[in-house]
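Visitor:
Number of protein chains: 4
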Amino acid sequence: MDKKLEDNMPIYVQIMNRVREAIAAGELRPGERVPSVREMAQQFEVNPNTMQRALNELEREGLLESERTAGRFVTEDKALIGKLKKEMAETTVDAFRREMAALGFSDEEMLDFFRKRCQVTGGGQLERIG
Amino acid sequence: MDKKLEDNMPIYVQIMNRVREAIAAGELRPGERVPSVREMAQQFEVNPNTMQRALNELEREGLLESERTAGRFVTEDKALIGKLKKEMAETTVDAFRREMAALGFSDEEMLDFFRKRCQVTGGGQLERIG
Amino acid sequence: MDKKLEDNMPIYVQIMNRVREAIAAGELRPGERVPSVREMAQQFEVNPNTMQRALNELEREGLLESERTAGRFVTEDKALIGKLKKEMAETTVDAFRREMAALGFSDEEMLDFFRKRCQVTGGGQLERIG
Amino acid sequence: MDKKLEDNMPIYVQIMNRVREAIAAGELRPGERVPSVREMAQQFEVNPNTMQRALNELEREGLLESERTAGRFVTEDKALIGKLKKEMAETTVDAFRREMAALGFSDEEMLDFFRKRCQVTGGGQLERIG
DNA sequence: GTGGTCTAGACCACC
DNA sequence: GTGGTCTAGACCACA
Chain P
0 MDKKLEDNMP IYVQIMNRVR EAIAAGELRP GERVPSVREM AQQFEVNPNT MQRALNELER
60 EGLLESERTA GRFVTEDKAL IGKLKKEMAE TTVDAFRREM AALGFSDEEM LDFFRKRCQV
120 TGGGQLERIG
Chain L
0 MDKKLEDNMP IYVQIMNRVR EAIAAGELRP GERVPSVREM AQQFEVNPNT MQRALNELER
60 EGLLESERTA GRFVTEDKAL IGKLKKEMAE TTVDAFRREM AALGFSDEEM LDFFRKRCQV
120 TGGGQLERIG
Chain G
0 MDKKLEDNMP IYVQIMNRVR EAIAAGELRP GERVPSVREM AQQFEVNPNT MQRALNELER
60 EGLLESERTA GRFVTEDKAL IGKLKKEMAE TTVDAFRREM AALGFSDEEM LDFFRKRCQV
120 TGGGQLERIG
Chain H
0 MDKKLEDNMP IYVQIMNRVR EAIAAGELRP GERVPSVREM AQQFEVNPNT MQRALNELER
60 EGLLESERTA GRFVTEDKAL IGKLKKEMAE TTVDAFRREM AALGFSDEEM LDFFRKRCQV
120 TGGGQLERIG
């Protein structure tokens, strides 16, 4: 039982994670055009400035590229996307292990529990849980 | 790439989760006395009232029991604690599967990735990653 | 749903009611000697001064009589005791009717409910309820 | 003549009883909107937090339901309200029997006394008797 | 010292 | 405006 409580990340960082996720998952494909800042700001229900900031940062990371008039596009550098996906997955796995360890699970027990859980609940509907 | 952003849970709920976790993990053992309201309020850096509320709710759930002047104690109902641990683990696993699925992983790929990650990083130090 | 909340009666008045009740019920019989102030103060867990005041007031009402050396005695005036009993019963009945009326019961419904309740629960154990 | 004196229930519990009573009596009808926390706090002359607590607890019991911005409403579950009314009436009747028994009345004598009292005093004005 | 209650007053999200 | 959360600090009964 440690002491400090969670911190709220800035909204633009949260959005960046969402977009990174979509790129890593292939939901946004390499070279694909992404919606306009205004559209995405509406989707995420945030101020266009906030959206702009998120997209700019993603551009600095090389995940997005903007072409003056034509709009913004997902990078075509598949190695970069692969690296992104790997890093995000590592972060997720590490967080998972940390939480399960906090509940007293060893790595082997986590595996067992995970497998049992996959059998109980189907694979497909999980997106809706929570 | 869905729309909704973070949930801001009330502090007292966050605290409840921390304590639940500690009980599930056996870090707080059945029948053990927990620190006083005022002490825990200092530990968590919240107002004693907020702490009181969190502990009251946990008492209502049967995880804690208070005795007038002697203090508060963890329940000795091990079945209840077992159920708690199972439910928290399910929630954690489900969240994990959802996030990994969002990154494009199938259940099998998650397992592979998890195992590889366990080999790379040791088992023990993971609590510090984060 | 009215506005003001209950008031706490002074302790000595509460004690007076208890003693009146005992006299009305015949638990303390006419002419019977009552325990000393000090004893009763212990029984009721109050300060002897408070007890003294309660007994003095009861004396002024004529329910108790003190004889210098011999102690305090319950009055032998059975008419007075009868009147006391009747008045206390009336107060109790009125309070009962008021509360039941507040719950939406008519006098007839109260009677029905009362009779049903008497059948369900025995007569004797009621002293222990509540 | 037993020993223990009055019970000092917390204010929020006293308020809960008042509101429960109003609901049981149909004074607050199923589905009806109750006044805002702040209004009721003024009516009962307590702090809004105390009022909030009382209403929260009633919500937990299922008697009230709150809707974000629209206010709080009495449950429409009439069975629940019926159960509430029955339980409160039982409590009241039991207390009545206990008090009358303490005055030396048998169940039959209580009935007689009750009936006589109803004839003497009218049915309607009783709410005002204090 | 413990848990529990209460007040006063602030801030937030929602619409 | 609504319900909800949080803080700061007081007081109480128990033993």
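Residue numbers (my numbering), protein chains in the order written: chain P, 0 to 129; chain L, 0 to 129; chain G, 0 to 129; chain H, 0 to 129.
Just so you know, even glycine gets a beta-carbon here, dropped at the ideal spot from N, CA and C.
This one's a predicted model, so the numbers in the text were calculated from it and none came from an experiment.
Going by Cα to Cα distance, which pick from VAL92/P, ARG97/P and GLU75/P is closest to GLY30/P?
Guide: Here residue 30/P is taken as the residue at index 31 of the first sequence, counted from 1. Ranking VAL92/P, ARG97/P and GLU75/P by Cα distance to GLY30/P puts GLU75/P first.
Visitor: Verify the CB distance criterion: does PHE72/P have a CB-CB separation below 7 angstroms to chain L?
Guide: Looking up residue 72/P in the first sequence gives position 73. False, the Cβ-Cβ gap to chain L never drops below 7 angstroms.
Visitor: Rank ASN16/P, GLN13/P, ALA24/P and ARG19/P by C-alpha distance to the C-alpha of LEU102/L and give the top, closest one.
Guide: Looking up residue 102/L in the second sequence gives position 103. Per the Cα distances, ALA24/P.
Visitor: In the DSSP assignment, the beta strand (DSSP E) including GLU64/H goes from what residue to what residue?
Guide: One-based indexing of the fourth sequence puts residue 64/H at position 65. Its beta strand (DSSP E) spans residues 63-66.
Visitor: Does the region 48-61 of chain L touch the region 85-98 of chain L, meaning 3 or more C-beta pairs lie closer than 8 angstroms?
Guide: no
Visitor: Classify MET15/H: buried if its beta carbon has 16 or more other beta carbons within 10 angstroms, exposed otherwise.
Guide: Translated into positions along the fourth sequence, residue 15/H becomes position 16. Under this definition MET15/H is a buried residue.
Visitor: Would you grab the beta carbon distance between SER65/H and GLU58/H for me? Rounded to a whole angstrom, and I think it's under 8 angstroms.
Guide: Start at 1 with the first residue of the fourth sequence, and residue 65/H comes out as number 66. Start at 1 with the first residue of the fourth sequence, and residue 58/H comes out as number 59. Confirmed, about 6 angstroms.
Visitor: With a cut-off of 7 angstroms, does the C-beta of THR91/H fall near any C-beta of chain G?
Guide: On the fourth sequence, position 92 is the one that residue 91/H refers to. Yes, THR91/H lies at the interface with chain G (some Cβ there is under 7 angstroms from its Cβ).
Visitor: Spatial neighbours of SER105/H within its chain, please: CB distance less than 6 angstroms, with the 5 preceding and 5 following residues excluded, ordered by chain position.
Guide: If you number the fourth sequence from 1, residue 105/H lands on position 106. Counting only Cβ-Cβ distances below 6 angstroms, and skipping sequence neighbours, we find nothing.
Visitor: Could you tell me the distance, in whole angstroms, from the CA atom of PHE72/P to the CA atom of PHE72/H?
Guide: Reading the first sequence from its first residue, position 73 is the one you call residue 72/P. Reading the fourth sequence from its first residue, position 73 is the one you call residue 72/H. C-alpha separation (whole angstroms): 51 angstroms.
Visitor: Considering only their Cβ atoms, is the gap separating VAL36/L from ARG47/L smaller than 7 angstroms?
Guide: Residue mapping note: residue 47/L aligns to position 48 of the second sequence, counting from 1. Residue mapping note: residue 36/L aligns to position 37 of the second sequence, counting from 1. The amino acid at residue 47/L is misidentified as Arg; the sequence shows Pro. Yes, the Cβ-Cβ distance between PRO47/L and VAL36/L is below 7 angstroms.
Visitor: With 7 angstroms set as the bound, which would you pick, yes or no: does the beta-carbon of LEU132/P sit closer than that to a beta-carbon of chain L?
Guide: It is not possible to answer for residue 132/P, since the shown part of chain P is limited to 0 through 129.
Visitor: For GLU20/G, tell me which candidate among LYS84/G, PHE112/G, ARG116/G and MET109/G has the shortest Cα-Cα distance.
Guide: Within the third sequence, the letter at position 21 stands for residue 20/G. Ranking the options by Cα distance to GLU20/G, first place goes to LYS84/G.
Visitor: Using a cut-off of 8 angstroms between C-beta atoms, extract the partners of ALA23/G located in chain H.
Guide: Counting from one through the third sequence, the residue named residue 23/G turns up at place 24. Correct list: LEU102 and GLY103.
Visitor: Do LEU62/H and ILE10/H count as a contact pair if the criterion is CB distance below 7 angstroms?
Guide: Locating residue 10/H in the fourth sequence gives position 11, counting from the first residue. Locating residue 62/H in the fourth sequence gives position 63, counting from the first residue. In this structure, LEU62/H does not lie closer than 7 angstroms to ILE10/H by Cβ.
Visitor: Residues of chain P with a CB under 7 angstroms from the CB of GLU20/L: which are they?
Guide: Locating residue 20/L in the second sequence gives position 21, counting from the first residue. Those are ALA101 and LEU102, listed as they occur along chain P.
Visitor: Under a Cβ-count criterion, where at least 16 other Cβ atoms within 10 Å of its own Cβ denotes burial, should VAL18/L be classed as buried or exposed?
Guide: Here the question's residue 18/L lines up with position 19 in the second sequence. It counts as buried.
Visitor: Alpha carbon to alpha carbon, what distance is there between MET87/L and PHE43/L?
Guide: Along the second sequence, one-based indexing puts residue 43/L at 44. Along the second sequence, one-based indexing puts residue 87/L at 88. Going from the Cα of PHE43/L to the Cα of MET87/L covers about 21 angstroms.
Visitor: What residue ranges within the region 30-76 of chain H form continuous beta strand (DSSP E) runs of no fewer than 3 residues, ordered along the chain?
Guide: DSSP runs (the beta strand (DSSP E)) wholly in the region 30-76 of chain H: 63-66 and 70-73.
Visitor: So which residues of chain G does ALA78/H contact, with C-beta pairs closer than 9 angstroms?
Guide: For the purposes of this step, residue 78/H is taken as the residue at position 79 of the fourth sequence. What ALA78/H touches in chain G: nothing, since even the nearest Cβ is about 16 angstroms away.
Visitor: One question on the structure: do PHE112/L and PHE95/P come within less than 7 angstroms of each other, judged by their Cβ atoms?
Guide: In the second sequence, the residue the question calls residue 112/L occupies position 113. In the first sequence, the residue the question calls residue 95/P occupies position 96. The answer is no: Cβ separation not under 7 angstroms.
Visitor: Going by alpha carbons, who is nearest to ARG114/P out of ALA69/L, GLY81/L and MET109/L?
Guide: Numbered from 1 along the first sequence, position 115 holds the residue referred to as residue 114/P. Cα-wise, what sits closest to ARG114/P is MET109/L.
Visitor: How would you call VAL45/L, buried or exposed, if buried means at least 16 neighbouring beta carbons within 10 angstroms?
Guide: Position 46 of the second sequence, counted from the start, is the residue given in the question as residue 45/L. Buried, because 16 or more other Cβ atoms sit within 10 Å of the Cβ of VAL45/L.
Visitor: Return the CA-CA distance between GLN12/G and GLY70/G, expressed in angstroms with no decimal places.
Guide: Against the third sequence, residue 12/G aligns to sequence position 13. Against the third sequence, residue 70/G aligns to sequence position 71. Position check: residue 12/G holds Val in this sequence, whereas Gln was assumed. If I take the Cα positions, the gap works out to 22 angstroms.
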